[in-house]
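Presented below is the structure to which this report refers.
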Amino acid sequence: MQIAKNSVVSLNYEMYDGDNQLVDKTEEPIVYLHGGYDNILPKLEEALHGKSVGDKVEVAMEPDDAFGDFDPNLLRIEAADMFPEEVEIGMMFEADDPETGEVILFRVTDIADGKIVVDGNHPLAGKRVRFSCS
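Residue numbers for the sequence shown follow the numbering used here, so the first one is 763 and each next one is one higher.
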């Protein structure tokens, strides 16, 4: 059976960064509804369209097709007293974007001198990635 619109697809993948370092992989297959429903990255879905069970697919993506370009406006330095005492690097916090009102997920990337650096970019923003799928 070929993958087509409204197919339920079970997929294993490995994702590599531009330095060919493994950054993510499925432990169990992911399952999604194929057909442009924004369940997976559009370029990956496009590459899977028409494939059959057992086919292997390799997809290289530029930042625009993957996790977007790095946006320096999403990098912020905030006073430590705005955060809980137990804040640690890697913790995630939600905040409203003052321009759009959207909720953005920020990751703590550094803590020093009473300041906390948070980043609202995806960790792979601005990077090329490659998916190896089966």
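No residue lacks a Cβ here, since even glycine has one placed at the ideal position from N, Cα and C. Only a predicted model underlies this, so the values are computations on that prediction, with no experimental measurement involved.
- Of the residues L837, K787, L803 and P860, the one whose Cα lies closest to the Cα of K877 is L837.
- In this structure, S772 lies near V793, with their beta-carbon atoms less than 8 Å apart.
- The beta-carbon separation of A828 and L886, rounded to 7 Å, stays under the 8 Å limit for a contact.
- When DSSP reads this structure, K877 sits in a beta bridge with A841 and A874.
- Using a Cβ-Cβ distance cut-off of 8 Å, the segment 795-809 and the segment 842-856 are not in contact, since fewer than three pairs of beta carbons, one from each stretch, lie closer than that value.
- Of the residues assessed, V770 falls on the exposed side of the cut-off, its CB having fewer than 16 other CB atoms within 10 angstroms.
- The Cβ neighbour count for I839, taken over all protein chains shown within 10 Å, is under 16; the residue is labelled exposed.
- If you draw a straight line from the Cα of Y778 to the Cα of L784, it is about 4 Å long.
- From the listed residues D817, E861 and R869, the smallest Cα separation to M763 is found for D817.
- The alpha-carbon separation between I765 and H796 amounts to approximately 7 Å.
- When the five nearest sequence neighbours on each side are left out, the beta carbons in the same chain lying within less than 6 Å of the beta carbon of T871 are those of V879 and D881, in order along the chain.
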